[in-house]
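J.:
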Amino acid sequence: MDLKIFYGLIALLVISTGTVFAQESLISIQTDDNNYDEGDAIVVSGNVKTVIGETPVILQLFNEGNLVDVAQLTVAQDGSFTKTFLAEGALWKKSGDYTIIASYQEYQTETEFSFTPKSKVVETTEPYEVDAGSHGTFDVKYTIKGGTVKKMVVDSDIFGVIVQINATDEGVITLDLPREFIGAEKQDGKDDTFIILIDGIEVAYQESVVHSESRVITIEFEEGDSDIEIIGTYVVPEFGAIVMLVLIVGTMMTVLVTRNKFQISI
Numbered sequence: 152m153d154l155k156i157f158y159g160l161i162a163l164l165v166i167s168t169g170t171v172f173a174q175e176s177l178i179s180i181q182t183d184d185n186n187y188d189e190g191d192a193i194v195v196s197g198n199v200k201t202v203i204g205e206t207p208v209i210l211q212l213f214n215e216g217n218l219v220d221v222a223q224l225t226v227a228q229d230g231s232f233t234k235t236f237l238a239e240g241a242l243w244k245k246s247g248d249y250t251i252i253a254s255y256q257e258y259q260t261e262t263e264f265s266f267t268p269k270s271k272v273v274e275t276t277e278p279y280e281v282d283a284g285s286h287g288t289f290d291v292k293y294t295i296k297g298g299t300v301k302k303m304v305v306d307s308d309i310f311g312v313i314v315q316i317n318a319t320d321e322g323v324i325t326l327d328l329p330r331e332f333i334g335a336e337k338q339d340g341k342d343d344t345f346i347i348l349i350d351g352i353e354v355a356y357q358e359s360v361v362h363s364e365s366r367v368i369t370i371e372f373e374e375g376d377s378d379i380e381i382i383g384t385y386v387v388p389e390f391g392a393i394v395m396l397v398l399i400v401g402t403m404m405t406v407l408v409t410r411n412k413f414q415i416s417i
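Here our numbering is used: position 139 in the sequence shown is 290, and no number is missing along the way.
1) Quick check for students: name the residue ranges of the beta strand (DSSP E) that lie wholly in the stretch 323 to 382, counting only runs of 3 or more.
2) Considering Cα atoms alone, identify which of Ile180, Glu373, Val221 and Lys244 is closest to Glu261.
3) Taking just the CA atoms, how far does Thr206 sit from Thr384?
4) With DSSP run on the structure shown, which of helix, strand or coil describes Gly230?
5) Check each candidate in Gly197, Lys301, Ala241 and Arg330 and name the one with the smallest Cα separation from Leu224.
6) Smallest Cα separation from Lys431: which of Glu358, Ile316 and Asp339?
7) Alpha carbon to alpha carbon, how far is Val208 from Ile178? Give it in angstroms, no decimals.
8) Locate the beta strand (DSSP E) running through Gly197, then write down its first and last residues.
9) Mapping DSSP to helix, strand and coil, what is Leu177?
10) One question on the structure: do Leu237 and Ala222 come within less than 8 Å of each other, judged by their Cβ atoms?
11) From the DSSP output, in three-state form, read off Gly204 for me.
12) Rounded to whole angstroms, what's the CA-CA distance from Leu212 to Ala227? Just pull it up for me.
13) Relative to the C-alpha of Val354, which candidate in Ala253, Lys244 and Asp378 has its C-alpha closest?
14) For Asp184, does the three-state DSSP call read helix, strand or coil?
15) Is the beta carbon of Ser320 less than 8 Å from the beta carbon of Val305?
16) So, is Ile349 buried or exposed, given that buried needs 16 or more other C-beta atoms within 10 angstroms?
17) Using three-state DSSP, classify Lys296 as helix, strand or coil.
18) Secondary structure at Lys301, three-state DSSP: helix, strand or coil?
19) Between the C-alpha atoms of Ile352 and Pro268, what's the straight-line distance to the nearest angstrom?
20) Would you identify the three-state DSSP class for Gly240, choosing helix, strand or coil?
21) Is the distance from the Cβ of Phe264 to the Cβ of Asn186 below 8 Å?
22) First and last residue of the beta strand (DSSP E) that includes Ile309?
23) What's the call for Gly216, buried or exposed, on a 16-neighbour Cβ count within 10 Å?
24) Starting from the C-beta of Ile309, find all residues in its chain whose C-beta is less than 6 Å away, skip the five residues before and the five after it, and write them out in chain order.
25) Note down the Cα distance separating Thr344 from Lys244, rounded to an integer number of angstroms.
26) Whose C-alpha, out of Phe266, Gly230, Ile252 and Gln256, is nearest the C-alpha of Ser246?
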């Protein structure tokens, strides 16, 4: 009798363990990022291995046990589902870890992400003094979120400025570039586009504000990015082909003036 009870308990344990694993593997979810700021879009996607009729997936979003949002999703024929939550509103005020629980009939799974309200977002706004060699220095005003600026240096070989950052999260940097020291222009003097490289890879940028004395550009970056190259058509100090041409012309003029003086003295 004791052996029957023992084997019976073992059987129940195996069955219950198998059920737990089945619940965990039947449905899966993930978010498109691990960290969000207020106003961000939180994209939740997932999959169920076995589609059960028209059974919906229920998503519940909690913070410290309090329900923040809920959604009922239709599962596609391939078992996939997706939902976008907007991280803003009266219930999005506390920073910390948030939990998303996905339910499909009696099966459940969950995932977490961290959230930071605007009041807690660290955003740095200040000018940076860039060394321009013999031309002295010039200031570049900037605003950065998601990291810090380590250094800004002129690279005359690429007619640009390199901004070195410490990106602790995905973020954005806005730079107010003074036209007197750096710019991108066409032959007719009109504005041309900058070339922006992040760690050697070309990326897009936004330019919503154009001033007569500066151009304001905004660049998005990812966690772990380090070097942002802003390449234009001129930078101070310039030691490229254009400046070399000016030096050559200046040298030739000096030679001609000296020769004329020599001829006059004779």
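Even for Gly, the Cβ is constructed at its ideal location relative to N, Cα and C. Source: prediction; values computed, not measured.
T.: Inspection of the coordinates gives the following:
1) 346 to 349, 352 to 354, 357 to 361, 365 to 372 and 378 to 382
2) By one-based count along the sequence shown, residue 261 stands at place 110. For the residues Ile180, Glu373, Val221 and Lys244, the minimum Cα distance to Glu261 belongs to Ile180.
3) Numbered from 1 along the sequence shown, position 233 holds the residue referred to as residue 384. Numbered from 1 along the sequence shown, position 55 holds the residue referred to as residue 206. Their backbone Cα atoms lie some 59 Å apart in a straight line.
4) Here residue 230 is taken as the residue at index 79 of the sequence shown, counted from 1. DSSP, reduced to helix, strand and coil, places Gly230 outside both helices and strands of the structure shown, so it counts as coil.
5) The residue you call residue 224 lines up with position 73 of the sequence shown. Minimum Cα distance to Leu224 is reached at Gly197.
6) The displayed coordinates of the chain run from 152 to 417. Any statement about residue 431 would go beyond what the structure contains.
7) Reading the sequence shown from its first residue, position 27 is the one you call residue 178. Reading the sequence shown from its first residue, position 57 is the one you call residue 208. About 9 Å.
8) Here residue 197 refers to the residue found at position 46 of the sequence shown. From DSSP, the beta strand (DSSP E) with Gly197 extends over Ala192 to Val199.
9) As a position in the sequence shown, residue 177 is number 26, starting the count at 1. Helix, per DSSP.
10) What you label residue 237 is simply residue 86 of the sequence shown in a count that begins at 1. What you label residue 222 is simply residue 71 of the sequence shown in a count that begins at 1. Their beta carbons are not under 8 Å apart, which means Leu237 does not touch Ala222 by this criterion.
11) Along the sequence shown, read from residue 1 onward, the residue named residue 204 stands at position 53. In the structure shown, Gly204 sits in coil (DSSP, three-state: anything other than H, G, I, E or B).
12) Within the sequence shown, the letter at position 61 stands for residue 212. Within the sequence shown, the letter at position 76 stands for residue 227. Leu212 and Ala227 have their alpha carbons spaced roughly 22 Å apart.
13) Residue mapping note: residue 354 aligns to position 203 of the sequence shown, counting from 1. Comparing Cα positions, the closest option is Asp378.
14) Residue numbering aside, residue 184 sits at position 33 when the sequence shown is read from its first letter. Residue state, collapsed to three classes: coil.
15) Along the sequence shown, read from residue 1 onward, the residue named residue 320 stands at position 169. Along the sequence shown, read from residue 1 onward, the residue named residue 305 stands at position 154. What sits at residue 320 in the sequence shown is Asp, not Ser. Not in contact: Asp320 and Val305 (Cβ atoms no closer than 8 Å).
16) Your numbering for residue 349 matches position 198 in the sequence shown. With 16 or more Cβ atoms within 10 Å of its Cβ, Ile349 is classed as buried.
17) Taking the first residue of the sequence shown as position 1, residue 296 is located at position 145. Looking at Lys296 - three-state DSSP - the assignment turns out to be strand.
18) Mapped onto the sequence shown, residue 301 falls at position 150. In this structure, Lys301 counts as strand in the three-state DSSP scheme.
19) Counting from one through the sequence shown, the residue named residue 352 turns up at place 201. Counting from one through the sequence shown, the residue named residue 268 turns up at place 117. Rounded to the nearest angstrom, the two C-alpha atoms are 31 Å apart.
20) Indexing the sequence shown from 1 puts residue 240 at position 89. Here Gly240 sits in coil by DSSP.
21) Residue numbering aside, residue 264 sits at position 113 when the sequence shown is read from its first letter. Residue numbering aside, residue 186 sits at position 35 when the sequence shown is read from its first letter. Contact: yes.
22) The residue labelled residue 309 in the question sits at position 158 within the sequence shown. Note, Ile309: premise wrong, no beta strand (DSSP E); not H, not E.
23) Locating residue 216 in the sequence shown gives position 65, where the first residue counts as 1. That one is exposed.
24) Against the sequence shown, residue 309 aligns to sequence position 158. The residues are Ile382.
25) As a working note, residue 344 is residue 193 in the sequence shown. As a working note, residue 244 is residue 93 in the sequence shown. Each residue's alpha carbon lies about 39 Å from the other.
26) Working through the sequence shown from its first residue, we reach residue 246 at position 95. Considering only alpha carbons, the answer is Phe266.
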